[in-house]
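Trainee: So that you can map any letter, position 351 of the sequence shown is 357 in this note's numbering, and since no number is skipped, the others follow by simple counting. Just so you know, even glycine gets a beta-carbon here, dropped at the ideal spot from N, CA and C.
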Amino acid sequence: MVLMPSSGAGHVIPFLKVAGALASQNCRVTLITSYPLVSQAESALITRFLTLYPQVTEKQFHLLLLHLPPNDPFFRQWELIHRSLPRLSDILKSLSPPADALLSDISLMSSTISVTESLNIPNYVLFASSARMFAFFAYYPALSDALSGSAGEDELLEIPGLEGLPKSSVPPLLKDTTSPFATMLRANNDCIKKFDGFLINTCDVLEGKTVRALKSGKIVDGMPPIFDFLYPPWEPEKVKGSRSTAWERWLDEQLPASVVYVSFGSRAPLSREQTIEVAKALISCNYPFMWVAKFSVVDKDDGQSMHQVLGADLTRQVKEKGVVVQDWVDQQQIIGHKSVGGFVTHCGWNSILEASSNGVPMLGWPQGGDQGIIGVAIAECGVGMLGGKWGWNGEFVVKGEEIGMRIREMMESQKLRSRAAEVMEDIDKAVARGGVCDRTLKQFINKFMS
Ligand code: UDP
Ligand code: UDP
């Protein structure tokens, strides 16, 4: 199996999980990595993965060096991959023994299908986001009028077999059905039925109803097979007793379930004004907190310090009550720590799965992309609550007082806590050895090997 992620840590991590799982089942795995990679985080993750899995072969896909119009650097990489496709064909042709199948990222569907069709190689897609987002993607062309029409933001978009989706959960770029992002979604949607199957990183307790609607053909008649399972971790547990960082020692000292963990993922920086309001919120709500802060879309461009953004007085107050980290952290380890009692999240799907697997209640604050739709999914499942009408990243500044109030609500809600515990228990069963996730992974392996 040849795996081909696109860009961004949130896409690379699930690919590494599936690559690790396939390699552990003795499948021959080739990982295609698109160079130059966009972020340091992606480089570090891939290097570590290849060290841990020497049996996986890396094939470097050197992208054409083209000048493209300014765009989000991760989306720009998708476009560069698309324009460099002849080189992908050369890589696939050069493999010996030949590739039995390709597993590529959703964003590359319309690009890779032309290559695999001409080489007669089966093509599967790995979806890194929620089943709810996949349903939206699959039904997108039929929603076009409702999205671009004059219906209010509270109107519900109807997707067969699902609860209505508030129009407000769809980001502006997808409401403008002529934007490059919308055009790419439609081009990928056009070729759904040409694929051999879709892997979706989810489980019954989180999104069972959505997966059933997808499999039933209600959303797309003739939908290829869907393999829904939680992609297993690829890194072994940290060696106990190894030297710990300052923040790990700080977490160890806090009371169980007392810490608010705040992170907006790998690529959603907050504005200076919004960062100040988050600081005020965290200081006012009187919980110890751990805040992973980022000020640029790509990690290597991040030159600002928290002190420059907050000024001396706020920085001092922040340091009295919590810990701020401006580096890449091992988020799984933080969310799995017994001191963490709540998570303020931008609703990146990987983050949601990590919190759900550890029974941590969430306060969702979507910033863009798929995050509004994911926010609806977590509120529906009951494992998290949403902040409110807080706008998209940079749309306006949400006041610290309001954020603080919602953080307190999350930390004090028994309902959220007990639902999060229930969800964790279900996930534990699903991912146990021989459980439904294991079985579905094996079905996928049998399918592409057959
Ligand atoms: N992550 C991490 N450390 C960081 C930032 C992010 O380990 O400092 C991981 C996080 O655990 C998750 C992924 O990066 O697995 C981010 O993916 P997600 O879908 O949550 O959000 P995205 O960054 O794609 O918006
Ligand atoms: N996506 C999709 N269909 C496509 C291309 C992308 O459903 O043809 C999804 C993709 O998986 C991701 C979302 O659109 O979940 C884009 O989200 P975002 O802007 O937050 O970027 P990303 O999460 O990819 O970093």
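Just to confirm the assignment, what range does the alpha helix (DSSP H) spanning Ser290 have?
Mentor: Counting from one through the sequence shown, the residue named residue 290 turns up at place 284. Per DSSP, Ser290 belongs to the alpha helix (DSSP H) from 278-291.
Trainee: Just the Cα atoms here: how many angstroms apart are Lys371 and Ile380?
Mentor: By one-based count along the sequence shown, residue 371 stands at place 365. By one-based count along the sequence shown, residue 380 stands at place 374. Reading off the sequence shown, one finds Trp at residue 371, where the question assumed Lys. Computed Cα separation, rounded: 10 Å.
Trainee: List the residues that DSSP assigns as beta-bridge partners of Leu108.
Mentor: Taking the first residue of the sequence shown as position 1, residue 108 is located at position 102. In the DSSP output, where bridge partners are listed per residue, Leu108 has Val8, Asn129.
Trainee: What are the complete alpha helix (DSSP H) segments, minimum 4 residues, inside the region 131-197?
Mentor: 137-154, 178-181, 186-196, all fully within the region 131-197.
Trainee: Just to check, is the beta-carbon of Asp467 closer than 8 Å to a non-hydrogen atom of ligand 1?
Mentor: No statement about residue 467 is possible, as the shown extent of the chain runs from 7 to 456 and does not include it.
Trainee: Starting from the C-beta of Gly4, find all residues in its chain whose C-beta is less than 8 Å away, skip the five residues before and the five after it, and write them out in chain order.
Mentor: Any answer about residue 4 is impossible in this case: the structure gives the chain only from 7 up to 456.
Trainee: Hey, how far is the Cα of Glu408 from the Cα of Val350?
Mentor: As a position in the sequence shown, residue 408 is number 402, starting the count at 1. As a position in the sequence shown, residue 350 is number 344, starting the count at 1. Roughly 13 Å separates the two Cα atoms.
Trainee: In this structure, how does DSSP classify Thr251 when only helix, strand and coil are distinguished?
Mentor: Indexing the sequence shown from 1 puts residue 251 at position 245. Three-state result, Thr251: coil.
Trainee: Please identify the residue among Lys327, Ala299, Gly328 whose C-alpha is closest to the C-alpha of Gln314.
Mentor: If you number the sequence shown from 1, residue 314 lands on position 308. Here the closest residue by C-alpha is Ala299.
Trainee: Is Arg414 closer than 9 Å to Tyr394 when the C-beta atoms are compared?
Mentor: By one-based count along the sequence shown, residue 394 stands at place 388. By one-based count along the sequence shown, residue 414 stands at place 408. First, the amino acid is wrong: residue 394 is Gly here, not Tyr. No, these two residues do not count as a Cβ contact at 9 Å.
Trainee: According to DSSP, is Phe402 part of a helix, a strand, or is it coil?
Mentor: As a working note, residue 402 is residue 396 in the sequence shown. Three-state result, Phe402: coil.
Trainee: Taking C-beta to C-beta, are Phe133 and Ile19 nearer than 9 Å?
Mentor: As a first step, residue 133 is located in the sequence shown; it is residue number 127 there, counting from the start. As a first step, residue 19 is located in the sequence shown; it is residue number 13 there, counting from the start. Against a cut-off of 9 Å, the Cβ pair of Ile19 and Phe133 comes out as no contact.
Trainee: By Cβ distance, which residues of its chain are closer than 6 Å to Ser95, with the 5 residues on each side in sequence left out?
Mentor: Within the sequence shown, numbered from 1, the residue matching residue 95 stands at position 89. Excluding positions up to five away in sequence, the list reads Val121.
Trainee: If you reduce the DSSP assignment to three classes, tell me which class Asp478 lands in.
Mentor: Summary: the structure shown does not reach residue 478, with the chain confined to residues 7 through 456, and so no result is reported for it.
Trainee: DSSP on Gln66, reduced to helix/strand/coil?
Mentor: Numbered from 1 along the sequence shown, position 60 holds the residue referred to as residue 66. Residue state, collapsed to three classes: strand.
Trainee: Between the alpha carbons of Glu161 and Ile112, how many angstroms are there, rounded?
Mentor: Within the sequence shown, the letter at position 155 stands for residue 161. Within the sequence shown, the letter at position 106 stands for residue 112. Distance between the alpha carbons of Glu161 and Ile112 is about 28 Å.
Trainee: If you draw a straight line from the C-alpha of Ile433 to the C-alpha of Leu212, how long is it?
Mentor: Looking up residue 433 in the sequence shown gives position 427. Looking up residue 212 in the sequence shown gives position 206. If I take the Cα positions, the gap works out to 9 Å.
Trainee: Given Phe235, which residues of its chain have a CB within under 6 Å of its CB, disregarding the five upstream and five downstream residues?
Mentor: One-based indexing of the sequence shown puts residue 235 at position 229. Excluding residues within five positions, the ones whose Cβ falls inside 6 Å are Cys443, Thr446, Leu447.
Trainee: Look at the alpha carbon of Lys421 and the alpha carbon of Gln337, and state the distance between them as a whole number of angstroms.
Mentor: Indexing the sequence shown from 1 puts residue 421 at position 415. Indexing the sequence shown from 1 puts residue 337 at position 331. Answer to the nearest angstrom: the Cα atoms are 25 Å apart.
Trainee: Using a 10 Å radius around the Cβ and a threshold of 16 neighbouring Cβ atoms, would you call Gln373 buried or exposed?
Mentor: Along the sequence shown, read from residue 1 onward, the residue named residue 373 stands at position 367. Burial call: buried.
Trainee: With DSSP run on the structure shown, which of helix, strand or coil describes Ser40?
Mentor: Position 34 of the sequence shown, counted from the start, is the residue given in the question as residue 40. Ser40 falls in the strand class under three-state DSSP.
Trainee: May I ask which residues mark the beginning and end of the alpha helix (DSSP H) holding Trp334?
Mentor: By one-based count along the sequence shown, residue 334 stands at place 328. Trp334 -> no alpha helix (DSSP H), and no H or E assigned at all.
Trainee: State the beta-bridge partners of Tyr267 as determined by DSSP.
Mentor: Your numbering for residue 267 matches position 261 in the sequence shown. According to DSSP, which records beta bridges pairwise, Tyr267 is partnered with Met296, Phe349.
Trainee: DSSP on Leu369, reduced to helix/strand/coil?
Mentor: Counting from one through the sequence shown, the residue named residue 369 turns up at place 363. The answer is strand: DSSP assigns Leu369 an E or B state.
Trainee: Compute every distance between the C-beta of Val335 and the non-hydrogen atoms of ligand 1, then say whether any falls below 8 Å.
Mentor: For the purposes of this step, residue 335 is taken as the residue at position 329 of the sequence shown. Yes, the beta carbon of Val335 sits closer than 8 Å to at least one heavy atom of ligand 1.
Trainee: Three-state secondary structure (DSSP) at Gly203?
Mentor: Here residue 203 corresponds to residue number 197 of the sequence shown, with the count starting at 1. Gly203 falls in the strand class under three-state DSSP.
Trainee: Report yes if the C-beta of Leu9 is less than 8 Å from at least one heavy atom of ligand 2; otherwise report no.
Mentor: Here residue 9 corresponds to residue number 3 of the sequence shown, with the count starting at 1. Leu9: no, Cβ never under 8 Å from ligand 2.
Trainee: When we look at the beta-carbon of Gln280 and count the other beta-carbons within 10 Å, is it buried (16 or more) or exposed?
Mentor: As a first step, residue 280 is located in the sequence shown; it is residue number 274 there, counting from the start. Buried: at least 16 other Cβ atoms inside 10 Å.
Trainee: I need the DSSP call for Leu74, collapsed to helix, strand or coil.
Mentor: Working through the sequence shown from its first residue, we reach residue 74 at position 68. Leu74: coil per DSSP, three-state reduction.
Trainee: In the DSSP output, what is Val329 paired with across the bridge?
Mentor: Start at 1 with the first residue of the sequence shown, and residue 329 comes out as number 323. The partner list for Val329 (beta bridge, DSSP) reads Met296.
Trainee: Can you check whether the C-beta of Ser135 is within less than 9 Å of a C-beta belonging to chain B?
Mentor: This model lacks chain B altogether; it includes just one protein chain.
Trainee: Within the continuous alpha helix (DSSP H) that includes Asp432, where are the two ends?
Mentor: Along the sequence shown, read from residue 1 onward, the residue named residue 432 stands at position 426. Where Asp432 is concerned, the enclosing alpha helix (DSSP H) stretches over 420-437.
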